Ligand code: PXG
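Residue numbers (the working numbering): 1 to 463.
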């Protein structure tokens with residue numbers, strides 16, 4: 001007999017196939033398979049419409065810092081919906097939720113970042129940042145400084161400018177991107193160094209060599225034409241690339257030397273993920289402009305922000321003319337109220353400190369112990385509550401599989417089947433659980449991942 005739940009699942013699958021276009025999805029293939037319907041969530045768990053419980057090792061899309069089902073955030077959103085469901089900031093107006101949020105952020109951001117603009121997604125924040133960078137150089141009388149440099153394997157979003165800034169090449173061909181004025185430099189991906197022809201270089205040396213590729217590129221393009229360098233403190237969607245310790249100091253020296261603005265994309269690394277409020281604090285980076293989203297509201301509402309460092313703020317906020325930019329929903333009161341409560345909850349629960357001193361080190365240690373000796377595992381790397389497990393054909397050469405992505409996808413499918421959400425980026429398995437995750441839940445994730453890796457190794461024994 002077909003259950004009521006099953007009928008409902010079918011109903012939603014049919015409607016979804018008929019009317020809903022999914023992001024980053026082959027529509028025909030998905031519709032042939034049937035979509036999974038997520039109906040509720042609590043803590044680190046999701047449930048699908050068939051009642052299956054799933055442990056979310058990815059915090060949604062790297063964003064649900066406080067875990068699902070937080071009542072305080074729900075209450076804050078409901079209250080704002082009742083009191084002030086909408087008003088904008090265009091006509092010499094503001095609202096209490098948004099000003100309190102801006103002030104709270106100014107207190108948490110790195111020194112000098114006292115001013116924020118709001119937007120609704122990471123892509124919009126990055127688009128806005130690039131416009132502000134252009135505007136800054138125009139105001140400074142350097143309009144020829146127009147080129148934006150970013151890195152291979154970077155992910156900065158999907159709008160025309162953000163996708164152009166992104167270095168993940170699959171983002172480009174369908175849309176004839178990147179736009180002119182965008183240049184790329186290599187990522188400090190030490191695990192891939194041998195495959196990329198750098199030989200047996202050690203991580204510290206590699207960090208310097210890759211940073212100096214930025215200098216070479218600036219010199220090739222002409223420093224007087226380069227506006228900015230954009231980078232995630234740790235590259236997320238590109239495969240969790242943790243820069244060697246030598247990388248960021250050298251990059252900062254180079255940006256300062258050639259008067260290139262430094263833009264830090266903290267969309268994934270912000271809000272406690274690395275054990276500090278911002279990845280910039282973890283790596284002692286002093287950016288001119290920062291973009292943030294995701295963990296700002298723990299994903300409970302769509303909201304993002306751009307903060308201006310002292311140099312940009314001084315120029316842009318004293319231009320004595322209208323800043324011709326902004327969205328209907330910039331600083332939406334409901335999103336602002338939820339984001340503000342989210343930051344208060346994170347502070348009250350001391351989540352960044354917990355990631356830094358307790359659950360983060362536990363997570364890293366246990367992952368290493370459980371997985372690093374496995375024959376299919378080439379490296380386990382991580383920081384805070386970010387971790388990557390490289391699946392490789394053989395130890396210890398740091399080689400990749402010939403058909404990149406096949407083994408990772410296979411392993412990811414085993415994870416899903418056993419009720420764990422982990423991301424496969426090429427053949428790298430990624431975990432980024434909510435910052436509220438406890439030790440037992442970490443153990444559950446690791447056990448499921450280990451099992452999936454074991455099954456994958458068995459299936460690919462002859463590769
Ligand atoms: N910057 C970074 C560093 C990101 O990770 C964006 C900007 C764009 O944010 P919006 O809100 O416009 O999506 C992101 C988004 C994945 C995945 O599968 C990662 C992101 C988005 C979707 C999927 O790893 N990151």
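Yeah, the Cβ is synthetic: ideal placement off N, Cα and C, and Gly gets one too.
Being a predicted model, the structure only gives us computed values, none of them experimental.
Heavy atom of ligand 3 within 7 Å of residue 423 beta-carbon
Among the ligands present in this structure, namely ligand 1, ligand 3 is not found.
On a Cα-Cα basis, can you pick out the residue from 114, 227, 49 and 378 that is closest to residue 100?
Residue 100 has its Cα closest to that of 114, out of 114, 227, 49 and 378.
Would you report the Cα separation of residue 439 and residue 359, rounded to the nearest angstrom?
Looking at the backbone, the Cα of residue 439 and that of residue 359 are separated by about 7 Å.
Proximity to residue 259 [Cα-Cα], best of 271, 222, 278 and 273
When only C-alpha atoms are compared, the closest one is 222.
Rounded to the nearest angstrom, what separates residue 304 and residue 116 at their Cα positions?
Rounded to the nearest angstrom, the two C-alpha atoms are 10 Å apart.
So the alpha helix (DSSP H) residue 61 belongs to, where does it begin and stop?
For residue 61, the enclosing alpha helix (DSSP H) has its first and last residue at 59 to 62.
Where the beta strand (DSSP E) through residue 47 begins and ends:
Counting along the chain, residue 47 sits inside the beta strand (DSSP E) bounded by residues 45 to 48.
Range covered by the beta strand (DSSP E) that runs through residue 404:
That residue, residue 404, is in no beta strand (DSSP E); it is neither H nor E in DSSP.
Using the Cα positions of residue 361 and residue 154, report the straight-line distance between them to the nearest angstrom.
Residue 154 has its alpha-carbon roughly 26 Å from the corresponding atom of residue 361.
Let me know if residue 200 comes out buried or exposed under the rule of 16 or more other beta-carbons within 10 Å of its beta-carbon.
It counts as exposed.
Tell me whether residue 74 sits in a helix, a strand or coil according to DSSP, three-state version.
Correct three-state label for residue 74: helix.
Closest Cα partner of residue 400 within the set 196, 461 and 89
Out of 196, 461 and 89, 196 has the C-alpha closest to the C-alpha of residue 400.
Of all the options 198, 207 and 149, which has the alpha carbon lying nearest to the alpha carbon of residue 179?
When C-alpha distances from residue 179 are compared across 198, 207 and 149, the shortest belongs to 149.
For the alpha helix (DSSP H) that contains residue 428, what are its first and last residues?
Per DSSP, residue 428 is not a residue of any alpha helix (DSSP H); the beta strand (DSSP E) it occupies stretches across 428 to 431.
Among the candidates 282, 278, 317 and 283, whose CA atom is the shortest distance from the CA of residue 290?
The shortest C-alpha separation from residue 290 is found at 278.
Where residue 257 and residue 220 are concerned, what is the direct C-alpha to C-alpha distance, given to the nearest angstrom?
Rounded to the nearest angstrom, the two C-alpha atoms are 15 Å apart.
Residue 218 to residue 225 span [Cα, whole Å]
Between residue 218 and residue 225, the C-alpha separation is close to 8 Å.
Output yes or no for whether 8 Å exceeds the beta carbon distance between residue 428 and residue 167.
The answer is no: Cβ separation not under 8 Å.
Rounded to whole angstroms, what's the CA-CA distance from residue 320 to residue 127? Just pull it up for me.
Just so you know, the alpha carbons of residue 320 and residue 127 end up roughly 23 Å apart.
Let me check you understand the geometry: is the CB of residue 293 closer than 7 Å to at least one non-hydrogen atom of ligand 1?
Because some heavy atom of ligand 1 lies under 7 Å away, the Cβ of residue 293 counts as near it: yes.
Determine contact between the region 439 to 451 and the region 68 to 81, defined as no fewer than three beta-carbon pairs at a distance below 8 Å.
No: fewer than three Cβ pairs fall under 8 Å.
Is it the case that the CB of residue 309 approaches a heavy atom of ligand 1 more closely than 7 Å?
For residue 309, the shortest separation between its Cβ and any heavy atom of ligand 1 does not lie below 7 Å.
Assigned exposure category for residue 14 - 16 Cβ within 10 Å defines buried:
If you draw a 10 Å sphere on the C-beta of residue 14, you find fewer than 16 other C-beta atoms in it, and that means exposed.
Quick test of the definition: if touching needs 3 or more C-beta pairs under 8 Å, does the region 228 to 246 touch the region 136 to 149?
The region 228 to 246 is in contact with the region 136 to 149.
For residue 331, which of helix, strand or coil comes out of DSSP?
In this structure, residue 331 counts as coil in the three-state DSSP scheme.
Is the beta carbon of residue 118 less than 8 Å from the beta carbon of residue 98?
Annotated as proximal: residue 118 and residue 98, with beta-carbon spacing under 8 Å.
Inter-residue Cα distance where the pair is residue 202 and residue 288:
Straight-line Cα distance between these residues: approximately 30 Å.
Using a 10 Å radius around the Cβ and a threshold of 16 neighbouring Cβ atoms, would you call residue 466 buried or exposed?
Here the chain has residues from 1 to 463 only, and residue 466 is not among them.
Tell me, to the nearest whole angstrom, how far the beta carbon of residue 59 is from that of residue 302; I am working on the premise that it is less than 8 Å.
Separation of the CB atoms of residue 59 and residue 302 is rounded to 16 Å, and the pair is thereby denied contact status at 8 Å.
Using DSSP bridges, identify the partner residues of residue 425.
Secondary-structure assignment with DSSP links residue 425 through a beta bridge to 428.
Look at the Cβ atom of residue 383, then the Cβ atom of residue 242, and state whether they are nearer than 8 Å.
Yes; because the gap between Cβ atoms is below 8 Å, this pair is in contact.
Is residue 61 near ligand 1 - that is, is its Cβ less than 7 Å away from at least one heavy atom of it?
Proximity of the beta carbon of residue 61 to ligand 1 is indicated: a heavy atom of the ligand is located closer than 7 Å.
For a test of the three-state rule: what should DSSP assign to residue 89, helix, strand or coil?
Three-state result, residue 89: coil.
Find out if the Cβ-Cβ distance for the pair residue 292, residue 125 is shorter than 8 Å.
Going by C-beta atoms, residue 292 is nearer than 8 Å to residue 125.
Which ranges would you report for the alpha helix (DSSP H) in the region 109 to 143 if only whole runs of at least 4 residues count?
Every alpha helix (DSSP H) stretch that sits fully inside the region 109 to 143 and reaches 4 residues is listed by chain position as 122 to 139.
Residue 274 vs residue 386 beta-carbon contact at 8 Å
The Cβ atoms of residue 274 and residue 386 lie closer than 8 Å to each other.
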